[in-house]
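Visitor: Heads up, the sequence shown is in the working numbering, so the first residue is 1 and it goes up one at a time.
All residues carry an ideal CB built from backbone N, CA and C; glycine is no exception.
Sharing a structure with you now.
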Amino acid sequence: MSIRFDQAAGTLSPAGPTLTRRMSDLEGLFRDQNSWRTAVADGDPIVYSVVSSPVPEIDRELPQSITTIHPGTTGGEFWMTKGHQHPNHQGEIYLGMSGNGGLLMFDGKDTRWVDMAPGTIGYIPPGWAHRSVNVGSEPYSFLAVYPGGAGHDYSWVLENGLGQRVWRQDDGLAFVDYFAEV
Ligand code: PAN
Ligand code: ZN
Numbered sequence: 001m002s003i004r005f006d007q008a009a010g011t012l013s014p015a016g017p018t019l020t021r022r023m024s025d026l027e028g029l030f031r032d033q034n035s036w037r038t039a040v041a042d043g044d045p046i047v048y049s050v051v052s053s054p055v056p057e058i059d060r061e062l063p064q065s066i067t068t069i070h071p072g073t074t075g076g077e078f079w080m081t082k083g084h085q086h087p088n089h090q091g092e093i094y095l096g097m098s099g100n101g102g103l104l105m106f107d108g109k110d111t112r113w114v115d116m117a118p119g120t121i122g123y124i125p126p127g128w129a130h131r132s133v134n135v136g137s138e139p140y141s142f143l144a145v146y147p148g149g150a151g152h153d154y155s156w157v158l159e160n161g162l163g164q165r166v167w168r169q170d171d172g173l174a175f176v177d178y179f180a181e182v
């Protein structure tokens with residue numbers, strides 16, 4: 001089968017489910033909870049969307065999705081995905097499509113960061129929790145391909161964090177320990 005992606009419209013055809021994550025969906029994830037609350041009250045902006053292909057999320061299938069993270073910061077922290085662990089530890093690949101972002105990975109002990117630009121393939125090994133971050137001023141889009149039976153655990157990141165956080169600093173970025181006081 002072939003699937004067509006319309007970059008301007010952000011649609012796949014044929015399409016599977018599309019997910020829209022607003023600021024209110026990212027409860028407990030930004031370090032500065034007051035800024036997060038203000039952003040929720042102040043229009044609850046869309047932070048990212050995920051359009052999926054029709055390939056089902058079941059064992060032995062190989063689903064894909066395209067995530068687009070809008071540019072922005074909350075309390076200085078770059079806008080990002082919720083982040084998750086795959087309960088059935090399996091690898092995943094990302095392909096940068098547009099904008100500038102990064103792939104943050106954490107195995108419970110070590111942290112890794114991969115700069116993602118159009119054409120970059122980021123590889124997530126089995127057992128590494130992962131989050132994507134838009135560090136640019138344009139929307140950041142990437143394609144994800146992952147085993148359909150991997151599952152998605154969002155509570156793991158709430159409990160264990162992701163090792164580091166990514167902050168805007170001058171024109172660039174800075175990393176701080178996930179649970180550090182700011
Ligand atoms: C991606 C992510 C997508 C959204 O397709 O699911 O970027 O991030 P969250 O799932 O953390 O909200 C992926 O890694 N799938 O496995
Ligand atoms: Zn994943």
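How about N88 and G149: do their beta carbons lie closer than 7 Å?
Guide: yes
Visitor: So does V50 have its beta carbon nearer than 6 Å to some heavy atom of the ligand PAN?
Guide: yes
Visitor: Flag E92 as yes when its Cβ comes closer than 6 Å to any non-hydrogen atom of the ligand ZN, and as no otherwise.
Guide: yes
Visitor: Where do the ends of the alpha helix (DSSP H) carrying T38 lie?
Guide: 33-41
Visitor: Nearest by alpha-carbon distance to M175: which of Y140, M105, S155, G122 is it?
Guide: A small correction: the amino acid at residue 175 is Phe; Met does not occupy that position in the sequence shown. Ranking the options by Cα distance to F175, first place goes to M105.
Visitor: Look up E159 in the DSSP assignment and say whether it is helix, strand or coil.
Guide: Correct three-state label for E159: helix.
Visitor: Compute the distance between the beta-carbons of S198 and V50, then report whether it is under 7 Å.
Guide: Residue numbering for the chain in the displayed model covers 1 to 182; residue 198 lies beyond these limits and cannot be assessed.
Visitor: In the DSSP assignment, find the unbroken beta strand (DSSP E) run with R60 in it and report its ends.
Guide: Neither: R60 is in no beta strand (DSSP E) and is coded neither H nor E.
Visitor: Hey, would you say V157 sits closer than 7 Å to A180, going by beta carbons?
Guide: The Cβ atoms of V157 and A180 do not sit closer than 7 Å to each other.
Visitor: Please determine if the region 58-77 and the region 121-140 are in contact, where contact requires at least 3 C-beta pairs separated by less than 8 Å.
Guide: yes
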